[in-house]
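Protein chains in written order, with the working numbering: chain E, 1 to 240; chain Y, 1001 to 1240. All residues carry an ideal CB built from backbone N, CA and C; glycine is no exception. To start, the structure under review is shown below, and the notes come after it.
2 protein chains.
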Amino acid sequence: MFLDEAKRLLLRHGYHGLTFDRIAKATGFSRGTIYLHFKSKEDIVLALVCRGMERRYDMIRRAAKFHGGTRERMQAVGESVDLFVRLYPDDVRLFHLGNAEAILQRASNDSLRAFRECLRRTVAIATGIVEEAIAKGDLSLNDDVTPEMITFNLWAITELGHSGAASWTPPAELGITNPLDVVNNGCEMLCDGYGWKPLSRDWDYAETRRRVRSEIFPKESQKLEAMRESAVQCMPAGGS
Amino acid sequence: MFLDEAKRLLLRHGYHGLTFDRIAKATGFSRGTIYLHFKSKEDIVLALVCRGMERRYDMIRRAAKFHGGTRERMQAVGESVDLFVRLYPDDVRLFHLGNAEAILQRASNDSLRAFRECLRRTVAIATGIVEEAIAKGDLSLNDDVTPEMITFNLWAITELGHSGAASWTPPAELGITNPLDVVNNGCEMLCDGYGWKPLSRDWDYAETRRRVRSEIFPKESQKLEAMRESAVQCMPAGGS
DNA sequence: GCGATTATATGACATAGTGTCAGAATTTGT
DNA sequence: ACAAATTCTGACACTATGTCATATAATCGC
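Here's what the structure looks like:
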């Protein structure tokens, strides 16, 4: 498929290295043919982003069904994203790459709509959990605070942390050694700040995360373990 | 200057609308001349971003000197960024536009270094305040939490909130009506979560923000007021 | 099986932007 | 007033884009 080849080229050569000519050469079709499927190269990039976001959405949706308290379920959502980032770092890089004006400006309306729709659905899951927490009394907000605000802030920490993990400007260069831990800690502290019960000091959320992995994502966790092992075998003495 | 014209074109026509030809036409110089100053159009964009970031850095530095407790000073930093976003929304849009692989991939090493250096300096101010808070006992962190982590999470909320405010994908489309309030609330709750004293329930941080405005940014606040008034006069009945 | 219709694929063409460089124009120093 | 240094130019070679008349292949009715 065109998309797979485009993804390969994009990851290998970066945005400016992805051209219709190259995709044509690599797939054996002519340039004109590819134009029948995609309006522009930016359209291809956004299509790739959408494909990855749908996969992430599926994982988040599964996580949201975790059997536990509302804050545990939000934690499960966080854990699913963590897992996604570890399993598909390439997709995370694409998310960041695609979320730029240079791309969105030229993408087709259809792709753009699909993209936004997927984002909306994804965020809605989190907001649903917040609303449930309010309904159940685990969380109570001031009048000027909406459930969407909590989602947005959790989302910001998560998104920027993971973007940075994969490709952001000064990666771990200054102070941040493990972005995934930072994200987790930030979300936990933010929920504590909002007084979302049970607070982190009253509950072992690390244990919750382990349960999420074993109960909801056994296959994914296993795959991750396999990846880790093969990575260790590839470079046993550590990098530079 | 080339940069001013480039900024105008970039804001009006977007990334793909900015070309050397247009800058040349608009400034009266030839294309070749502009190439003597900038390696590529991406280099121009990054130079614009740097210019704006230096301005923001200056405001943040001034804010960090606010006379008050450590958490108040962090609040002052947040307020300075809030002010910056309101005063120079165009620059915020450029930050977001420039922070993309499509740009960074092609920028010159010099610009890139300047860009990172400015970011580092800016973030360092915040981290310094966190460290001082720890030293003074206003804040105490678990062993596995570093000052940089707090900075990073505050930064994530701020950056993404403001990016969204100016140009991000689903703007206020779903749930978020005033991104600046969201950012402020998120930072406050995050600090509360970390237990940074005095907690928001024990201190009137809205009053602190007012003091920051009048004591450190009187001119800027006045300018903002003037902008608000002229905006009201331009469209007195409100938009669609 | 066969002609007709529809879907899919092609590559040459016109257009637009990039980056370079030998040499022209201008400024500066004396 | 003249040479040296600086600044600027626009034509050139190149790469990529997006389009479209035409060719090829698949599908369908019979």
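Listed by chain order, chain Y residues near residue i by CB distance under 8 Å
i, result
"His16 of chain E", "Ala1102, Gln1105 and Arg1106"
Interface residues of chain E facing residue i [CB-CB closer than 8 Å]
i, result
"Val1145 of chain Y", "Asn185"
"Gly1069 of chain Y", "Correct list: empty, because the minimum Cβ distance to chain E is about 18 Å."
Residues that residue i contacts on chain E, provided the C-beta gap is smaller than 7 Å
i, result
"Tyr1194 of chain Y", "Met189"
"Ile1134 of chain Y", "Within 7 Å Cβ-Cβ: nothing; Ile1134 of chain Y doesn't reach chain E, min ~14 Å."
"Leu1011 of chain Y", "Under the 7 Å cutoff, chain E gives no residues; its nearest Cβ is about 11 Å from Leu1011 of chain Y."
"Val1182 of chain Y", "Met149, Phe152 and Asn153"
For residue i, the first and last residue of its enclosing alpha helix (DSSP H)
i, result
"Val123 of chain E", "Asn109 to Lys136"
"Tyr35 of chain E", "Arg31 to His37"
"Met1189 of chain Y", "Pro1179 to Tyr1194"
"Lys25 of chain E", "Phe20 to Thr27"
"His13 of chain E", "Phe2 to His13"
"Ile176 of chain E", "Ile176 of chain E -> no alpha helix (DSSP H), and no H or E assigned at all."
"Ala1100 of chain Y", "Neither: Ala1100 of chain Y is in no alpha helix (DSSP H) and is coded neither H nor E."
"Val1145 of chain Y", "Looking at the DSSP string, Val1145 of chain Y is not in any alpha helix (DSSP H), and its letter there is neither H nor E."
"Arg106 of chain E", "Looking at the DSSP string, Arg106 of chain E is not in any alpha helix (DSSP H), and its letter there is neither H nor E."
"Arg211 of chain E", "Tyr205 to Glu215"
With 16 other Cβ atoms within 10 Å as the buried cut-off, status of residue i
i, result
"Ala1047 of chain Y", "buried"
"Gln75 of chain E", "buried"
"Ser1230 of chain Y", "exposed"
"Ala1226 of chain Y", "exposed"
"Gly137 of chain E", "exposed"
"Pro1218 of chain Y", "exposed"
"Leu104 of chain E", "buried"
"Ala1102 of chain Y", "buried"
"Tyr1194 of chain Y", "buried"
"Val1077 of chain Y", "buried"
"Met1 of chain E", "exposed"
"Val1049 of chain Y", "buried"
"Leu36 of chain E", "exposed"
"Val182 of chain E", "buried"
"Arg73 of chain E", "buried"
"Asp192 of chain E", "buried"
Under 9 Å from the C-beta of residue i: neighbouring residues of chain Y
i, result
"Gly161 of chain E", "Phe1152, Asn1153 and Ala1156"
"Met53 of chain E", "Simply none; closest approach about 11 Å."
"Leu97 of chain E", "Ala1100, Glu1101 and Ala1102"
(message) Ignoring anything shorter than 4 residues, give me the alpha helix (DSSP H) runs that lie fully in the segment 58-95 of chain E, in order along the chain.
(response) 70-87
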